[in-house]
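Chemist: No gaps in the numbering here: position 263 of the sequence shown is 262 in numbering that gives the first Met the number 0, and each next residue is one more. Note that beta-carbon positions come from the ideal geometry of N, C-alpha and C, so glycine has one too. Quick caveat: nothing in here was measured; it's all calculated off a predicted structure.
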Amino acid sequence: MTVPQIKLHDGTSIPQLGFGVFQVPPEETAATVAQAFEAGYRHIDTAQMYENEAGVGAAIKDSGLSRDDLYITTKLNNGFHRTDDARRAIDESLERLGLEQTDLFLIHWPLPTKYDGDFVSTWQALIEAQQAGKTRSIGVSNFQPAHLDRIVEATGVVPVVNQVEVHPFFANEDVRAANQRHGVLTEAWSPIAQGKVNEDDTICEIASTVGRSPAQVTLRWHVQRGDIIFPKSMKAERMRENFEIFDFELSAEQVSALDGLDRGESGRMGPNPDTFDYIPG
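1. Along the chain, where does the beta strand (DSSP E) containing T285 start, and where does it finish?
2. The beta strand (DSSP E) that contains G298, what's its start and end?
3. What runs of the beta strand (DSSP E), each 3 residues or longer, lie entirely inside the region 149–209?
4. Which stretch, first to last residue, makes up the alpha helix (DSSP H) that contains S120?
5. Do you know offhand how far I106's Cα is from A35's?
6. With F36 as the anchor, note down where its alpha helix (DSSP H) starts and where it stops.
7. Could you check the C-alpha separation between H80 and I202 for me, to the nearest Å?
8. Quick one: is Y277 buried, meaning 16 or more other Cβ sit within 10 Å of its Cβ, or exposed?
9. Taking 8 angstroms as the cut-off, does the region 245–264 touch the region 157–176 (at least 3 CB pairs, one atom from each stretch)?
10. Nearest to F104 by alpha carbon, out of I13, D68, G182?
11. In whole angstroms, give me the CA-to-CA distance for N241 and A235.
12. Relative to the C-alpha of R219, which residue among P25, E164, A251, F247 is closest?
13. For K6, which residues in the same chain have their Cβ closer than 7 angstroms to its Cβ, ignoring the five residues on either side in sequence?
14. Can you give the Cα-Cα distance for N51 and Q179, rounded to whole angstroms?
15. Given a threshold of 16 other Cβ atoms within 10 Å of its Cβ, counted over all protein chains shown, does N271 qualify as buried or as exposed?
16. Look up H8 in the DSSP assignment and say whether it is helix, strand or coil.
17. Looking at the structure shown, is G269 part of a helix, part of a strand, or coil, going by DSSP?
18. Going by beta carbon distance, what residues of the same chain come within less than 8 angstroms of Q22, once the five residues before and after it are set aside?
19. Near S62, what residues of its chain come up, given a Cβ to Cβ distance below 6 angstroms and the 5 sequence neighbours on each side ignored?
20. Which two residues bound the contiguous alpha helix (DSSP H) that contains D84?
21. Give the DSSP-derived three-state secondary structure of S250 in the structure shown.
22. What is the DSSP secondary structure of V346, reduced to helix, strand or coil?
23. Considering Cα atoms alone, identify which of Q223, G116, R237, L147 is closest to P167.
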């Protein structure tokens with residue numbers, strides 16, 4: 000099954016489906032990513048704060064896959080927003096991953112209440128890394144519309160993606176609209192709402208109708224909306240199931256039914272980026 004490639008505004012392309020390694024234990028990451036490769040995934044999404052970049056790197060090294068066939072994303076640790084720290088952290092990510100260049104490097108969180116509210120200089124550090132060839136593309140994660148507007152206005156450089164919480168219970172439409180206004184693609188983290196889609200009557204009814212699992216229906220909903228997704232599972236069977244979403248289609252009525260599950264802010268499951276201020280110790 001072929002995963003669609005979506006064009007980014009900087010001229011590069013990204014696979015619409017990837018494999019996320021959030022909360023995969025470092026000692027299990029290499030084996031888990033190897034399973035994902037076997038299932039067909041070629042897009043891996045990691046982060047410095049996941050503490051498993053080295054495992055991703057080991058899986059890449061042992062895979063025998065061509066570097067050109069892989070798409071590797073990582074994200075800047077919240078503790079390294081100051082320019083010199085960011086520069087050093089980017090180099091350390093490359094070393095752990097065993098790569099000369101990542102495909103995409105993101106600011107993980109804006110942290111507007113930290114660093115005197117300065118995330119523009121952090122964005123400048125990523126711009127510098129891209130210019131130095133350390134990453135092909137740069138983007139952000141968990142940026143609200145005002146955060147996005149600010150870095151674009153200050154630097155003139157538009158992120159290629161904004162990775163944010165999106166699922167049927169929290170469609171995050173204000174952020175998706177801001178992304179679209181800037182030509183930024185939306186990447187959806189927690190795309191199946193940490194498994195809660197399996198408990199929803201509407202999604203389960205649609206799943207029964209189309210002969211798919213609730214997770215597959217939800218991931219297909221994302222795909223038809225144009226989101227980039229990377230569900231995480233440590234079970235090979237579930238990895239394969241999550242991959243098999245490109246050989247069926249939801250009707251307009253079914254998409255509308257999932258759209259109707261949006262609860263607005265009350266549906267958010269993760270932290271609010273306007274107030275999130277966690278910095279690892």
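Modeler: From the atom records:
1. The chain is shown only over 0 to 280; residue 285 falls outside these bounds and no answer can be derived.
2. As displayed, the chain neither begins before 0 nor continues past 280, which places residue 298 out of reach and without an answer.
3. 160–164, 184–188
4. 119–130
5. 25 angstroms
6. 25–38
7. 40 angstroms
8. exposed
9. yes
10. I13
11. 10 angstroms
12. F247
13. S12
14. 31 angstroms
15. exposed
16. coil
17. coil
18. Y49, K231
19. F36
20. 82–96
21. coil
22. Look at the range of the chain in this structure, 0 to 280, and you will see that residue 346 is not part of it.
23. Q223
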